[in-house]
Structures are given as structure tokens and as C-alpha cells.
Amino acid sequence: MKKVLLSLSALIMLTACNGGQKKKAADQTDNPLMTASTLEFQAPDFSKIKIEHFMPAFEEGMKQQNEEIEAIIKNSEAPSFANTIEAMEKTGQLLTRTSAVFFGLTGADGTDERREVEEKISAKLSAHSDGIFMNDKLFQRVKTVYDNEYKNLSGEEAKLLQVYYDKFVQSGALLNEQDKETLKGINTELAELSTKFGNMLTDATKAASIYVDNKDRLKGMTEEEIVSAGKAAEADGKSGMYKLGITNTTQQPILTKLDDRELRKEVLEASLHRTDHGQYDTGNLITRMAELRVQKAKLLGFKNFAEWKLQDQVAKTPERVDEFISGLVKNYTPRIAEDAAMLEAYARKTAGADFQLEAWDWDYYAEKLRAEKFGIDEKTISEYFVLDSVVKNGIFYMANKLYGLTFKERTDLPGYQTDIHVYDVFDADGSKMAIFYTDYYRRDTKSGGAWMGNWVEQSHLLNTRPVIYNVMNIEKPTEGQPALVSWDHVTTIFHEFGHALHGLFANQKYPMLSGTNVARDFVEMPSQFHEHWASYPEIFDNYAKHYSTGEPMPAELKTKFMESLTFLSSYSLGENMAAVTLDMGWHKLTAEDKKVQDVTAFEEETLKKAGLLNRQVPPRYRSSYFRHIWSNGYSAGYYAYLWSEVMDQDTYIWFTENGALTRENGDKLRKYLLSIGNTRDFNEAFKEFTGKDKPDVNSLLRGRGIIK
């Protein structure tokens, strides 16, 4: 699944710090992080930033923010919005800048040196955040402003004050000193474990790669893919072999192609068990994190961690999430049984009457049946999806048609790796509004998945413009070959660009409310909404052109391809609901529950209760490699993708009923949903845009082809 990085103000709130030995000031005169970048829009100067710059910048940044916070506390004037709340928004700019660059680099290019710094800094960042949000003197000033001024404020000021007050309370500001110290210890340990988990998972996924010594076992793969697999193995010191790398999800893209059933099983088993044995076993890490989150929730007065986490989300309670998933399961269950029976019957035509369909067979036979039913195959289709065209003639074209944006590539800004592209972004009136980076190719040092983040976050208060990036994990083609991508990659490019647009359209005074600093179960709405445009005829025809001839996809082929998009779509829904169920299962544990000892048994019991235990449809992520919930801020929040999908489907329906691809429609969406940041109630904004009182869950089911 896609992911969006924590926004910078949220990052500072959740992870900031104090500690470590101080460097002499003279040692840091050449540290480019110590002052705002002189490049346009304060874009990071990666040509000057070195690994040794980060720890001193973190330490100085935390020191500066502590001094700034202390000045607010000691202000002799009566607490006011200006001298307390707005003043807090101005603190920590060095820490924000350092965190933005460091964590952005660690995700996209997590070298051993950067990971070492991350392990040193994560606990300190947690302690620093606690030092701010459990500071009783600071909280008393915030509370005074809240009690005296909230009723007289409006707009961003009122929202910012509410967010700060809630954040202090949620962080433990009302606890007694003993409980505060206990909570600080919990948060520090969680930060350490989360970092360790993320790094271990990256190593485990790399180590899970399959090396094949017989080319005949690779039948079904293209010659180009086989050559690439050979070069990948050679790069790992295994000349004469072929490397099949493992991606972040349970199911693996290569399984659609491999004719060798035993090899398919090997690949899926490697994926499923990458982190449940040996040196990469994460079981103790995740059970301890779950235990600590139970303790944290109890300290803060909540039955479980999910209750604490969802209090400021659109869904509000775990019960509403359970009800939502349960409603989907009722429609999903008969459909998945029907699809499985159809697929198994099809496979038996060639595999024999006794053939039993397994998880490692699903994608393989689904692709074959899709090809037979619709007269298409993945290889033929991907010949029309050239990466450069998908970007320039796809997402950029969409942004121009809907919002009037234009993109111009530039080569003067340094990147942090090869294959980084940088674009100036111009608004409809011709003014330059942002800078956009893309990093699409996979590398061993990159975390799995795809995401969006900010190098610089928009804020009128701080006079900053958005500097945004998208990261993916597309296999780089061998030299001389075109960069062809799958349909899944195409939709992911549109998805992550939707997140980017959400950040590009930020128009807030305060950084904490800016852009993607929104509820987790709303932040996926803009990204998933923009996926729809990948298959919209005008946009599709503009980018889907054959890599060698430049000709558009023939009408008959396009029609069949579009008809195939929801074919056997129950599988995707099932694996996602299973992942949501595991996430909520871990985070609904209470202090009365025994600590989980057997992760596999816990998973089976949790999925069985939800009606989602199915050997043919494993969860999109098993608990032991579920980065979203243990390391990426989606704890008790993975449901957000499906929850947001209901809103995005309803929004797209509104577009289709009102002229679809028009500037007028795009400008309306930008005004009411994409540019509001966290300044409004999202349900109210959704109603104002669509005219609907609430999203219709059947829109999701119809959009996926589960119901008519």
C-alpha cells in the first residue's frame, strides 16, 4: 500500500529531542543545516549536506527549541494567543529543517551511516517532544489562552488553539509527575523499538530475495526481466544466478508470471516468513510495542490504544471502524468465494482435476484468465506505459486540465542520488508556487513502498513555500531498455501525486495546520481520488502510447483493458481488510488481555473472528512486516485507506455528474478540500463539496466491482 510521510510539524511534535554531547560552535561553521538553505524556496542543498552534519544540527536544533520554549514560559505578559500559541509555531525551525532532510533521506536512501544516526536520535527526539508537551508551566499558559480566548477566535487561530490544547492533553499534560515519568519511559522505548523494527525489516526484505540457478525455472518472465535478474544477482556477488527480489507487500508482482509453481511457492513463502525466524525475527519487537501501547493508553485514561489514537480522527472510535469493515465483509464474503471457485475451475483445465488453488497461484491464474477473457496480457499493456510519459503526459497533464498547473524540469538543483528529477511548479496565473522532486527507481537502501513528503512545508507565518517529493520503488530498466511500468505502478504514480497536490495546494498561515497535516483517515482521500484519472479516457489517451511507435493504445485493446480493471477485484479488498483487522486487533488489546506470545496464533484468531481467515487470501501485510503500524505512524490507522476510499469514490462520482475533467470542477475541489489543510471539519467540507450528508459505503463496493 502507499504511504505518506509524517508532515514536518507533526514529525517535530511526535519526534524531537535534547541530549548528546555538544559540538563546539566553531566545528559547525560549514554545516549547511544550521541556516536556511539559500537555494530557491529553501530547497535542501544536497551537494553540501554530509552525514556528520546531522547529529550536531539535531542537538543544536533541540537546544534552540528548548530555549525558545523557555522564553515563552518566562514571558512576564499575560498568556495570549500571540505570545504563546503563535510563538510556539515559530519555535524549532532548525530542528524542523534537519528532521525534514534527515528522515526524507533515511526513507529514500537509508545507508548504514544514516540508520546509525537514526538509532541514536530516535529516543532523544521522543524525549524532547515529551519535554515540551508534558511541561506543566507551558501547558498552563496554553490552558489559560484556551479558557480565555478560544470563544473569541475563529478560522485558523481557533483551530490552531484547539489542536495545541488537544495535543497537550493527549500527550499526558494532565498526568501527575510520576505518571508523566512513566509515560516518558514508554515513549522512549517505543521510539527505539520502532526504529529498530524499521531497520530490521529493510534488512529482512533484502535478505529474503530468492536466487535461482536454473534459467528454465524463470519461464513466463520476459527476456529483459531475466537479464535484469541476472545482473541483480551478479551485483550481489552471485554470478550465473538470477535474483528475484521481495517487495514490501505479501503478494509479489513476479507471481503473475512464473510458470514454475514450486518457485511461486518459494517466493511467496519467502515473503510471508521474512521476519518470523532467525536474526530477522521481529516477533519480540512487535509484541513489546503492542504491550507498551496498551500501557500508554491506560495511563492516558483509555481502554485501548485504538481509542486513544482515533479520538481526533474522522472515524472517532474503534467501534465505528469495526462496523465499517464488518459491513464490507458481508458483501465481500460471497464474492471472494465465487471468484476463488471460478479461478480454481479455470486452473484445473491445465493443472488437473485435483488442483487446489493456493495463495501463490492466485495472481498467476488471475492474470492468465484475465488475458483469456479479455484478450489482453500484462506485457502487452505495459508497452504503452512509459514512465516518462505517465509523468509528463499523465499526472502533469491531469494537473493542468483540472487546476491549471504547469511543470518545468530544472537541472540546477542538486539531488541526493542519481535518477532524481526536479520540477518548478507554476500556478494557473503563471506564478511559481512550489518545487517538486521525483525519485521513482528502486534501490537497496530505499524503504519499500511509495510515499510523499515535504523537504519544506508551506507556511505564511514562516514565509515558506512547498518543496515536495514523491518516492517509489520501480525496477530500473537495464541500459538501453525503455522504462515500462505496470498498471499498478501507473495508479501508484497518480496516487502519490495526489498526495503531492494536497501539499502543493497548502495555503495556511500556521505550519501545524498546513497541507497534509490532517486526520489520517482523510489524508488518503486526495491521493486515492486522483487515481481515478489514470483511466479517464482523455488523460489515458494522452500518456498511454507505445514505447517504440508512439501510437496510442488501439481502441479495442483499450476497451478490453478498461473492462478488465475490476475483474477478480475481491482479492485486493480482502487482503486490505485482513491487514486492517490485524492492525485493529493489536491496538484493541487491553490491560486485562494477556501479552501475545504466539504472533501467528494471534493473527489466525483475529482474522477468524472477522471472517477473514482465508489461506488463499493472506493479509496484505502480516504483523511481523507491517511497517505502516509499527514504524510509519499508521498504528490503529491502516483502515484509513478504505475509509478514505468511500469519500474519494463519492467525490469522483460528483465529478462525473458535473462535467468531469474541467477547470471549474478542479478549482472547486481545490477550494473546498485540497487547500484547507487542517483548518476545517472534514465531514462539513465533504458535505459542502458533494452535497451529501455522509459518504456512501456502497460507492466503494461499486467502484471495486463488488456490487452492481
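Heads up: the sequence shown at position 315 corresponds to 315 in the UniProt record's numbering, and the numbers run straight through without jumps. Where a beta carbon is used, it is the ideal one built from N, C-alpha and C, also for glycine.
Where residue i and residue j are concerned, what is the direct C-alpha to C-alpha distance, given to the nearest angstrom?
i: residue 5; j: residue 451; result: Because residue 5 carries a pLDDT of 35, less than 50, the predicted location of this residue cannot be relied on, and the following value inherits that uncertainty. Looking at the two C-alpha atoms, the distance is approximately 6 Å.
i: residue 22; j: residue 455; result: Confidence in residue 22 is poor, its pLDDT being 36 and thus under 50, which makes the residue's placement too unreliable to answer from.
i: residue 110; j: residue 392; result: 28 Å
i: residue 703; j: residue 81; result: 46 Å
i: residue 195; j: residue 120; result: 10 Å
i: residue 366; j: residue 492; result: 21 Å
i: residue 589; j: residue 279; result: 27 Å
i: residue 240; j: residue 274; result: 24 Å
i: residue 51; j: residue 250; result: 33 Å
i: residue 659; j: residue 691; result: 16 Å
i: residue 370; j: residue 567; result: 7 Å
i: residue 307; j: residue 505; result: 31 Å
i: residue 143; j: residue 106; result: 37 Å
i: residue 480; j: residue 409; result: 22 Å
i: residue 350; j: residue 559; result: 28 Å
i: residue 112; j: residue 104; result: 15 Å
i: residue 31; j: residue 127; result: 25 Å
i: residue 637; j: residue 602; result: 19 Å
i: residue 436; j: residue 424; result: 6 Å
i: residue 613; j: residue 582; result: 11 Å
i: residue 592; j: residue 285; result: 20 Å
i: residue 666; j: residue 428; result: 12 Å
i: residue 232; j: residue 537; result: 37 Å
i: residue 167; j: residue 422; result: 35 Å
i: residue 377; j: residue 256; result: 10 Å
i: residue 606; j: residue 641; result: 20 Å
i: residue 305; j: residue 586; result: 9 Å
So, are the CB atoms of residue i and residue j less than 8 Å apart?
i: residue 543; j: residue 397; result: yes
i: residue 347; j: residue 361; result: yes
i: residue 292; j: residue 175; result: no
i: residue 211; j: residue 230; result: no
i: residue 495; j: residue 535; result: no
i: residue 100; j: residue 439; result: no
i: residue 699; j: residue 650; result: yes
i: residue 183; j: residue 288; result: no
i: residue 42; j: residue 36; result: yes
i: residue 71; j: residue 34; result: no
i: residue 701; j: residue 400; result: no
i: residue 706; j: residue 570; result: yes
i: residue 498; j: residue 529; result: yes
i: residue 89; j: residue 510; result: yes
i: residue 577; j: residue 329; result: yes
i: residue 512; j: residue 160; result: yes
Keeping to the same chain, check which residues put their C-beta closer than 7 Å to that of residue i; ignore five residues upstream and five downstream.
i: residue 180; result: 134, 172
i: residue 283; result: 276, 599, 624
i: residue 485; result: 382, 385, 387, 390, 474
i: residue 670; result: 403, 505
So, for residue i: in the same chain, excluding its five sequence neighbours on each side, which residues have a beta-carbon less than 6 Å away from its beta-carbon?
i: residue 252; result: 267, 271
i: residue 296; result: 186
i: residue 672; result: 685, 688, 689
i: residue 470; result: 438, 452, 496, 500
i: residue 514; result: 457, 458, 459, 506, 508, 677
i: residue 130; result: 184, 187
i: residue 621; result: 579
i: residue 368; result: none
How about residue i: is its C-beta nearer than 8 Å to some C-beta of chain B?
i: residue 303; result: Here there is only one protein chain, and chain B is not present.
Which same chain residues end up closer than 8 Å to residue i when comparing Cβ atoms and leaving out the 5 residues on each side of it in sequence?
i: residue 219; result: 258, 259, 260
i: residue 190; result: 126, 289, 292, 293, 296
i: residue 547; result: 383, 384, 386, 482, 484
Whole beta strand (DSSP E) elements within the stretch 239-291, 3-residue minimum: 242-244
Would you check if there are 3 or more beta carbon pairs closer than 8 Å linking the stretch 202-209 to the stretch 244-254? yes
Please list the segments of the alpha helix (DSSP H) lying wholly inside the stretch 39-74, counting only runs of 4 or more residues, in order along the chain. 54-73
Counting Cβ pairs, one atom from each stretch, are 3 or more of them under 8 Å apart for the stretch 308-325 and the stretch 597-608? no
Check whether the stretch 142-154 touches the stretch 212-231, taking contact to mean three or more Cβ pairs, one atom from each stretch, closer than 8 Å. no
Say whether the stretch 409-418 touches the stretch 43-50, bearing in mind that this needs 3 or more beta-carbon pairs closer than 8 Å, one atom from each stretch. yes
Beta strand (DSSP E) runs wholly inside the stretch 438-502, at least 3 long, in chain order: 451-456, 467-474
Tell me, please, whether the stretch 309-322 touches the stretch 502-522 by the rule of three or more beta-carbon pairs shorter than 8 Å. yes
Entirely enclosed beta strand (DSSP E) segments - the stretch 377-423, minimum 3 residues: 406-410
At what residue ranges does the stretch 318-352 contain a whole run of the alpha helix (DSSP H), taking only runs of 4 or more? 318-351
Length at least 4, wholly inside the stretch 106-170: the alpha helix (DSSP H) runs in chain order: 112-133, 136-149
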